[in-house]
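Keeping their order, the protein sequence lines are chains A and B. For the record, in the first sequence the residue sitting at position 198 is 198 according to the UniProt record's numbering, with numbers rising by one throughout. For the record, in the second sequence the residue sitting at position 186 is 186 according to the UniProt record's numbering, with numbers rising by one throughout. Here's the structure, in C-alpha cells; my notes come after.
Protein chains: 2
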Amino acid sequence: MKTNGLKALIFDVFGTVVDYRSSIIKECEKLNEMKDLELNSPKFADAWRGAYRPNLDRILSGELSWMNLDSLHLMVLRKLLDEFEINHLTEEEIIHLNRVWHRLEPWGDAVPGLQRLKQKFIISPLSNGNVSLLTNMAKHSGLPWDLILSPEMIKSYKPDPNVYHMAIDFLDLQPNEVMMVAAHQHDLQAAKKLGMKTAYVFRPLEYGCEAIPNLMPEENYDVVARDFIDLAQQLGA
Amino acid sequence: MKTNGLKALIFDVFGTVVDYRSSIIKECEKLNEMKDLELNSPKFADAWRGAYRPNLDRILSGELSWMNLDSLHLMVLRKLLDEFEINHLTEEEIIHLNRVWHRLEPWGDAVPGLQRLKQKFIISPLSNGNVSLLTNMAKHSGLPWDLILSPEMIKSYKPDPNVYHMAIDFLDLQPNEVMMVAAHQHDLQAAKKLGMKTAYVFRPLEYGCEAIPNLMPEENYDVVARDFIDLAQQLGA
C-alpha cells in the first residue's frame, strides 16, 4: 500500500503480538511440577482467557464497575482456582501467577518486525492491558514500543470508540495517519469506522493447533499480512 | 545508594534530559539565515522559556483554562513574534517553529546514561510536555524510554501532586519504588513529599554559559549526580 501520511501504528497485543495461550500453559506446567499439581493447563488457560470478553462487556455495559485488567484477571483467577480445586497456593503465589500476563512471550516474528517498523513509524500497543502490564511485558520480552497507550488512561476498554480517539488525540494525529494492527477483526472494524487505517495479521495458532479459526478477512483492510515481517515489508519499513 | 526495591526512574525532561536553550537558539539562527531575519536568538529562547512557568501557574490556579504544552508554546510564540517584530512567517512556518520543542537535542550523557539505566529500571519521562511532544522528541533524539508519562493524561501540570500519583499508579508501584530525576529542585521536593526517591542532576549550562545558577542541593536527595553516566554508576546500572 502507499504509506503517504501514515505516521503511527498501534497494536492489539494479546494474540496479535504475544502468544498468551502457550505462555500461560507453560507457566501452569511449571506450577504443576513445583507444587505437585495436576492442573489441566490448556483447559485452564482457555477458561482464564475465555472469561475476558464477557467480563469486559459487563464493565462496558455498566453492570460491573470499572477495574483494570490485572484486577479483572485476579478476580477470574480466584474463581478458577476454586473451580479447578487448586486450594493450596499462598497469596503470594496467586499474585505471581496472575502476573503471568506481564510475562507473555511474543510470536517469533513480533520483535524483529516491530524493530523494522519502529525505524519508520511511531509504534505503540493499544491493548486492553493496563499500563504496568504492558510496560512489564515489553521489558520482559523486548518489545521496542515508543510509548504505551492503554484504555486504563480513560478507564474504558476496546472497542469503545473513545479508546481509539484517545490514542489519536495523544499522538496529535489525524485518524488516517494512524493504523490499527490486529489479528482480531472486531478491533479493526471499530478502528476503521473512525477513519483509521487497518492491518489484519493472521495468527492461526492463537487458540492452539486444534482450534484454528476462520481467518478469512470480512472486510477490506488496508493491509492483510502473514506476520509482522510481512507487514514491515508491505509498509516499506 | 542501596537500590533495593527501586523499580522505576521518571525524568524531568526540559533542562534535565535535553538542552532546550541551545536547540532553540540553533533553530532561530537557521531561521535568521533562511528568512534573512535579525532575531536575537538567545533573547528569544529565554523569553519563550521564561513565559512557561508563569503560564503554567495561571493554569494551575484556574485563571487560564487547561491547554497542553504545544498550545501554550504556540500562544506564547505568537505574542513573541509580535514583540520581536517578526511578522512575515507563514502559518506553516510558525507551526514548524513551535514544534522545535519536539526536536530538542539531549545533553551528551543523556542517551548513553539512559541506555544503561534502562537495563536495570523502567525509565519514563514525567515532563510537562504533552504525549506527542515527548514521543516525537524521543524518536528525534533516540531517547530509549520504556513508556511516556505526561500530565496531559490527567489535564494537569507538575508540581501538582496528582501528576506524581498518576505516574506511581500507572506503574502500579509504591512511591518509594519510584525515583524522580531532575535538575530542578522544586520538582524533586514535590516528589519527595510524596515518599518518592529523588536524584538531583547538575545541569550548570541549562541557562547558558553566562547564567550559571546556584546548584547547591537545598535538601537531602537520595542521589546527587554529575550527569546520567554518574547516575547510572551510583545506581549500579
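Even for Gly, the Cβ is constructed at its ideal location relative to N, Cα and C. From a predicted model like this one, the values you see are computed outputs, not experimental measurements.
Backbone secondary structure at residue i - three-state DSSP
| i | result |
| --- | --- |
| residue 16 (chain A) | coil |
| residue 243 (chain A) | Residue coverage of chain A in this structure runs from 1 to 237, which leaves residue 243 (chain A) outside it and unanswerable. |
| residue 179 (chain B) | strand |
| residue 191 (chain B) | helix |
| residue 231 (chain A) | helix |
| residue 171 (chain B) | helix |
C-beta contact flag for residue i and residue j at 8 Å
| i | j | result |
| --- | --- | --- |
| residue 192 (chain A) | residue 152 (chain A) | no |
| residue 7 (chain A) | residue 121 (chain A) | yes |
| residue 131 (chain B) | residue 12 (chain B) | no |
| residue 232 (chain A) | residue 203 (chain A) | no |
| residue 201 (chain B) | residue 237 (chain B) | no |
| residue 170 (chain A) | residue 149 (chain A) | yes |
| residue 10 (chain B) | residue 112 (chain B) | no |
| residue 133 (chain A) | residue 69 (chain A) | yes |
| residue 18 (chain B) | residue 105 (chain B) | yes |
| residue 146 (chain B) | residue 127 (chain B) | no |
| residue 23 (chain A) | residue 116 (chain A) | no |
| residue 100 (chain A) | residue 33 (chain A) | no |
| residue 159 (chain A) | residue 186 (chain A) | yes |
Spatial neighbours of residue i in its chain, beta-carbon cut-off 8 Å, leaving aside the 5 residues before and after
| i | result |
| --- | --- |
| residue 40 (chain A) | 84 |
Contact set for residue i: own chain, Cβ-Cβ below 7 Å, skip 5 residues either direction
| i | result |
| --- | --- |
| residue 168 (chain B) | 175 and 178 |
| residue 221 (chain A) | 188, 198, 199 and 200 |
| residue 207 (chain A) | 21 and 213 |
| residue 155 (chain B) | 66 |
| residue 135 (chain B) | 148 |
| residue 38 (chain B) | 32 |
Rounded separation between residue i and residue j - CA only
| i | j | result |
| --- | --- | --- |
| residue 25 (chain A) | residue 45 (chain A) | 6 Å |
| residue 261 (chain B) | residue 74 (chain B) | The requested residue 261 (chain B) does not occur in the structure, where chain B is confined to residues 1 to 237. |
| residue 58 (chain A) | residue 65 (chain B) | 36 Å |
| residue 80 (chain A) | residue 141 (chain A) | 27 Å |
| residue 50 (chain A) | residue 71 (chain A) | 16 Å |
| residue 56 (chain A) | residue 205 (chain A) | 23 Å |
| residue 47 (chain A) | residue 235 (chain A) | 36 Å |
| residue 63 (chain A) | residue 54 (chain A) | 11 Å |
| residue 14 (chain A) | residue 137 (chain A) | 11 Å |
| residue 4 (chain A) | residue 129 (chain A) | 30 Å |
| residue 82 (chain B) | residue 172 (chain A) | 27 Å |
| residue 162 (chain B) | residue 107 (chain B) | 29 Å |
| residue 114 (chain B) | residue 94 (chain B) | 32 Å |
| residue 88 (chain A) | residue 52 (chain A) | 25 Å |
| residue 211 (chain A) | residue 16 (chain A) | 16 Å |
| residue 35 (chain A) | residue 96 (chain A) | 14 Å |
| residue 42 (chain A) | residue 1 (chain A) | 39 Å |
Cut-off 6 Å between Cβ atoms - residues of its own chain near residue i, not counting five sequence neighbours on either side
| i | result |
| --- | --- |
| residue 164 (chain A) | 191 and 194 |
| residue 118 (chain A) | 144 |
| residue 98 (chain A) | 73, 74 and 77 |
| residue 227 (chain A) | 109 |
Inside the segment 91–153 of chain A only - beta strand (DSSP E) runs reaching at least 3 residues: 122–125
Within the segment 19–82 of chain A, ranges of the alpha helix (DSSP H) (whole runs, at least 4 residues): 20–35, 41–50 and 52–60
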